[in-house]
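A short write-up of the structure that comes next.
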Amino acid sequence: MKLIFNYNQSNTKHTPSQEKDVDLPEELKRSSLPLCDVNEIQIIRHYTELSRKNYGIDTNFYPLGSCTMKYNPRVNEDIAKLPGFSNLHPHTPTSHAQGALEVIWELEEILKEITGMDAFSLQLAAGSQCELLGVMIAKKYFAEKNENRTKIIIPDSAHGTNPATAAMCKFQTVTIPTDDRGNMDIDEFKKVIGKDVAVVMITNPNTLGLYEESLSEIKDLAKENGALMYCDGANMNALLGISKPADQGFDMMHLNLHKTFSTPHGGGGPGGGALGVRSFLEDYLPVPRIKKENEQFVFDYNKEKSVGKLHSFYGNFGILVRALSYIRSWGSDIQKISLMAVLNANYLLSLLKEDFDVPYDRRCAHEFVISAKNFGEKSTLNIAKRITDYGFHAPTIYFPLIVKEAMMIEPTETESKDTLDEFAKVLKTIIKELKEDPELVKNAPHTTPGRLDEVKAARQLNLRWSPKES
Amino acid sequence: MNFIPHTKEDISKMLSVVGCSTLDELVSEFKPRLSELKLDSPLSEMELVSYMTSLSEKNSPMKYFAGGGSYDHYIPSVINHLVSRGEFLTSYTPYQPEASQGVLQVLYEFQSFVCLLTGMDVSNASLYDGASALAEAALLSSAHTKRKGVFVDDGLNPAYLKVLQTYCDGTELTITNTIDENTACVISQTPDFYGNIKNPQGLIEKTHQNNALFINCISDPTSLAILKTPGEFGADIVVGEGQAFGIPKSFGGPYLGFIAVKEFLTKKLPGRIVGMTTDDQGNEGFVLTLQAREQFIRRERATSNITTNQTLLALTATIYLALLGKSGLQNVARSSYHKAHILQEKLRKNGFDAINTNPFYNEFLVKSPKPSEKIIADLLECNIFGGIDVGDNKLLICCTEKNSLQDIDSYISAVSK
Chain A
1 MKLIFNYNQS
11 NTKHTPSQEK
21 DVDLPEELKR
31 SSLPLCDVNE
41 IQIIRHYTEL
51 SRKNYGIDTN
61 FYPLGSCTMK
71 YNPRVNEDIA
81 KLPGFSNLHP
91 HTPTSHAQGA
101 LEVIWELEEI
111 LKEITGMDAF
121 SLQLAAGSQC
131 ELLGVMIAKK
141 YFAEKNENRT
151 KIIIPDSAHG
161 TNPATAAMCK
171 FQTVTIPTDD
181 RGNMDIDEFK
191 KVIGKDVAVV
201 MITNPNTLGL
211 YEESLSEIKD
221 LAKENGALMY
231 CDGANMNALL
241 GISKPADQGF
251 DMMHLNLHKT
261 FSTPHGGGGP
271 GGGALGVRSF
281 LEDYLPVPRI
291 KKENEQFVFD
301 YNKEKSVGKL
311 HSFYGNFGIL
321 VRALSYIRSW
331 GSDIQKISLM
341 AVLNANYLLS
351 LLKEDFDVPY
361 DRRCAHEFVI
371 SAKNFGEKST
381 LNIAKRITDY
391 GFHAPTIYFP
401 LIVKEAMMIE
411 PTETESKDTL
421 DEFAKVLKTI
431 IKELKEDPEL
441 VKNAPHTTPG
451 RLDEVKAARQ
461 LNLRWSPKES
Chain B
1001 MNFIPHTKED
1011 ISKMLSVVGC
1021 STLDELVSEF
1031 KPRLSELKLD
1041 SPLSEMELVS
1051 YMTSLSEKNS
1061 PMKYFAGGGS
1071 YDHYIPSVIN
1081 HLVSRGEFLT
1091 SYTPYQPEAS
1101 QGVLQVLYEF
1111 QSFVCLLTGM
1121 DVSNASLYDG
1131 ASALAEAALL
1141 SSAHTKRKGV
1151 FVDDGLNPAY
1161 LKVLQTYCDG
1171 TELTITNTID
1181 ENTACVISQT
1191 PDFYGNIKNP
1201 QGLIEKTHQN
1211 NALFINCISD
1221 PTSLAILKTP
1231 GEFGADIVVG
1241 EGQAFGIPKS
1251 FGGPYLGFIA
1261 VKEFLTKKLP
1271 GRIVGMTTDD
1281 QGNEGFVLTL
1291 QAREQFIRRE
1301 RATSNITTNQ
1311 TLLALTATIY
1321 LALLGKSGLQ
1331 NVARSSYHKA
1341 HILQEKLRKN
1351 GFDAINTNPF
1361 YNEFLVKSPK
1371 PSEKIIADLL
1381 ECNIFGGIDV
1391 GDNKLLICCT
1401 EKNSLQDIDS
1411 YISAVSK
């Protein structure tokens, strides 16, 4: 294992040398800098080699459920790197940054149209930060109304970020079980909805890839009790041009711009988040807000009710540029994204139905959950590892937590019929292998590094390189 | 544009397998169904590039003498070539380590670089940005000490303070004026927002006497090439903004939050952490570790709600640090320092008052003899963004290695009109 710290070469010199030392008191000065010098060619080889040890959408089908791993159009990368965007300093006076403000403005307008929400903040760095903002807004909104609401209702199929966020803001999470059709159990919901509930947080379609069939009734009950309806929009890729969350009765919703609007996931980020609200909550959005004054875009910091600010500047602007480019390239055809995402998911589900247990046998949205429980304990893990040998990335596994041996598969709209056929064939082959040569599957993968010991990693922590080890 | 590969024949075959006659029938249960969206016609790639380029050109190009949380350091060419590789760019969180060894090793190297530079024991794999990293550090401190008070030293970036205040309001922490038995953490930025390099020793002692945690916040971490590390001074947590390490200014994001702690706080860290382990053949490899802290397992008992982080920017910073190496990073720090001191000296000779009370690194505060709006406007006329107006005719000015002596002369002649 060669780390970047294991080389000792001469420096390539990317900036002019400066030998003159700084004139600082000794007690403020660093005594030694334990970095090494590596020449450029070696750095290129080191990181090119590492890149080849990695699966991405560009190299492999990557059906990671809940993550919307669709093709990332390269032109959007070029656009984000245009010097007028990428070189722009965030403190530039707005008079000299009108193009950037227009990007933010235009994206807000488009997202309002797509979701039906009345106002958006694009300041958030990711979906979970949107949730945090949403819960903060609810907290402030009820505090101002002098209503003491302590609970947030969340279905047990929800992303872990939902309860984690509620807890951060000191709300009590009330978990609602899932009924046998994969919906939030409406009878259980009726037992707990009341005047002490601040927010009902729902992912729609939910993480099982199913449309919430009782949504309209849930919304009515929530409204009757004065609670706010929050939509985790992680699964918006199923709804573009088909249904607006505001029309479904949501008061707030977030979008994971990097998922639905295809900015590259970059090995785990950066992402971008957008929080949309109905007009009665607009004043609570973070500052600065963007507004148009005499045909000029300006930032407005003067918002008394605002919860404050959540980003060092105005949000992940480079991600906003990519999202806007993506949406403009689709334009009024945007519905095709969701229709094809739903078709791909249902088609793949149809191909796999006879081989796997389907916990909720319904038509799915843009993703679906199947179970490998019939093949024994840990089968899902073993199958996932074996999939890697066939040149595909594994689906999301063991989530949602409520399905045993779960495999959550989201093909996205950009995968061809041939790829889906091939993937289904591979899964069928692996099942056959499980019966005929189980050790082959249990010891997978065989083509990449062997199975890595996660227990050892957690027990004997080795989280960094240190000079003394060299 | 159209990024969907299916032919009409594919679609009809697939629909028949699914048992639907039309695509619309597939989504019939999604209610209420909307008729159409009012969006513009689709654009071809050529039209899109033309439109977005015209927007980008409404932003004026200029020379920067401004920092305040975003720094105009030189970005070596190799970074973009490596970061654009599809295997990095189009992957996601390395949940399947066998298919993600590349990203995992990069993050392990990133964590190591953060520790080496800050003098701390353990780093995570990144957070959103400097401001939210600071807020996460306050939450961590509260969880560790079971206290709710947050003390903030003078000179914290006002935007960071605002974000911190917002997080505190939402999570029921309180920003206080005293350090006492209710204090969870003491936050100090150095060099501070106004450029002052502080010796935190006294404040750290006071913090520890009260059994609170000391958080050191860093805005331009190239300063760490020449400054004594927060770890050596005795900080418990170091957070900051990694944008200076090869990341474009990009109107404020996406940037790179980092957090590093002393060993005793390891299990309280938010976000992703990569660890080295071995595979079933005994070969070294990497995995995401300590995942039991995280929201997707622990839900409402997680250490934070973070899922997505800034991996690609951690990769950028890692390659930047590898490329610059020890001598390159020292060059950048020394050049930035000297350029700033040259400019400050020249401004003083031209009637500006120096305000900094401490030694400074690459940012400094001056009071202008003329209204600051006029100074900034005169500089903008010459395509120079000359600094951040912090009120009372005071300007916060920043230099990096990129500001040439000629640029500095242009600056001086523009403000001497």
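Line by line, the protein sequences give chains A and B.
In this text, residue positions in the first sequence follow my numbering: the first is 1, and each later residue adds one.
In this text, residue positions in the second sequence follow my numbering: the first is 1001, and each later residue adds one.
Think of the CB as a built atom: it goes at the ideal place given N, C-alpha and C, for glycine as much as any other residue.
Everything numeric in this text was worked out from a predicted model, so none of it was measured.
Residues of chain A with CB closer than 9 Å to the CB of residue i, please, in chain order.
i: residue 1115 (chain B); result: 463, 464, 465 and 466
i: residue 1369 (chain B); result: Neighbours of residue 1369 (chain B) on chain A: none; closest Cβ ~21 Å, over 9 Å.
i: residue 1072 (chain B); result: 87 and 89
Starting from residue i, find everything on chain B with Cβ-Cβ shorter than 9 Å and list it in chain order.
i: residue 43 (chain A); result: 1078, 1082, 1319, 1322 and 1323
i: residue 127 (chain A); result: 1307 and 1308
i: residue 400 (chain A); result: What residue 400 (chain A) touches in chain B: nothing, since even the nearest Cβ is about 10 Å away.
i: residue 336 (chain A); result: 1002, 1004 and 1023
Please list, in chain order, the chain B residues whose beta carbon lies closer than 8 Å to that of residue i.
i: residue 4 (chain A); result: 1109, 1318 and 1322
i: residue 307 (chain A); result: 1166, 1169 and 1170
Going by C-alpha distance, which of the options is nearest residue i?
i: residue 1305 (chain B); options: A:316, A:132 and A:247; result: A:132
i: residue 1082 (chain B); options: A:229, A:45 and A:378; result: A:45
i: residue 472 (chain A); options: A:384, A:461 and A:143; result: Chain A is shown only over 1 to 470; residue 472 (chain A) falls outside these bounds and no answer can be derived.
i: residue 252 (chain A); options: A:272, A:121 and A:188; result: A:121
i: residue 1232 (chain B); options: A:331, A:465, A:287 and A:27; result: A:27
i: residue 1037 (chain B); options: A:9, A:137, A:208 and A:332; result: A:332
i: residue 1194 (chain B); options: B:1399, B:1055 and B:1410; result: B:1399
i: residue 1296 (chain B); options: A:271, A:328 and A:401; result: A:401
i: residue 1381 (chain B); options: B:1012, B:1005, B:1024 and B:1062; result: B:1062
i: residue 1279 (chain B); options: A:447, A:97 and A:19; result: A:447
i: residue 1066 (chain B); options: A:69, A:93 and A:75; result: A:93
Report yes or no: is there a C-beta of chain A within less than 7 Å of the C-beta of residue i?
i: residue 1346 (chain B); result: no
i: residue 1262 (chain B); result: no
i: residue 1193 (chain B); result: no
i: residue 1162 (chain B); result: yes
i: residue 1354 (chain B); result: no
i: residue 1128 (chain B); result: yes
i: residue 1279 (chain B); result: yes
i: residue 1202 (chain B); result: no
i: residue 1269 (chain B); result: no
i: residue 1404 (chain B); result: no
i: residue 1005 (chain B); result: yes
i: residue 1295 (chain B); result: yes
i: residue 1086 (chain B); result: yes
So with CB distances below 8 Å, who are the chain A contacts of residue i?
i: residue 1338 (chain B); result: 18, 20 and 22
i: residue 1329 (chain B); result: 33 and 35
i: residue 1010 (chain B); result: 416 and 417
Per the DSSP calculation, residue i is bridged to which residue(s)?
i: residue 230 (chain A); result: A:201 and A:252
i: residue 289 (chain A); result: A:300
i: residue 54 (chain A); result: B:1100
i: residue 29 (chain A); result: B:1227
i: residue 1385 (chain B); result: B:1064
i: residue 112 (chain A); result: Residue 112 (chain A) is not bridged to any residue.
i: residue 66 (chain A); result: For residue 66 (chain A), which the question treats as bridged, DSSP gives no partner whatsoever.
i: residue 175 (chain A); result: A:154
i: residue 1279 (chain B); result: A:452
Tell me, please, whether the CB atom of residue i is closer than 7 Å to any CB atom in chain B?
i: residue 183 (chain A); result: no
i: residue 469 (chain A); result: Model confidence at residue 469 (chain A) stands at a pLDDT of 48, short of 50, so the residue's coordinates are unreliable and nothing is read from them.
i: residue 276 (chain A); result: no
i: residue 55 (chain A); result: yes
i: residue 292 (chain A); result: no
i: residue 408 (chain A); result: no
i: residue 191 (chain A); result: no
i: residue 454 (chain A); result: yes
i: residue 168 (chain A); result: yes
Taking C-beta pairs closer than 7 Å, name the residues in chain A that residue i reaches, listed in chain order.
i: residue 1058 (chain B); result: 98, 99 and 102
What in chain B is Cβ-close to residue i, meaning under 7 Å?
i: residue 139 (chain A); result: 1170
Mind listing which residues of the stretch 224-255 of chain A have their C-beta closer than 9 Å to chain B's C-betas, in chain order? Per Cβ criterion, the list reads 238, 239, 240, 241, 242, 243, 244, 247 and 248.
Could you list the residues in the stretch 1209-1236 of chain B with a C-beta less than 9 Å from some C-beta on chain A, going in chain order? Cβ contacts with chain A: 1224, 1225, 1226, 1227, 1228, 1229 and 1232.
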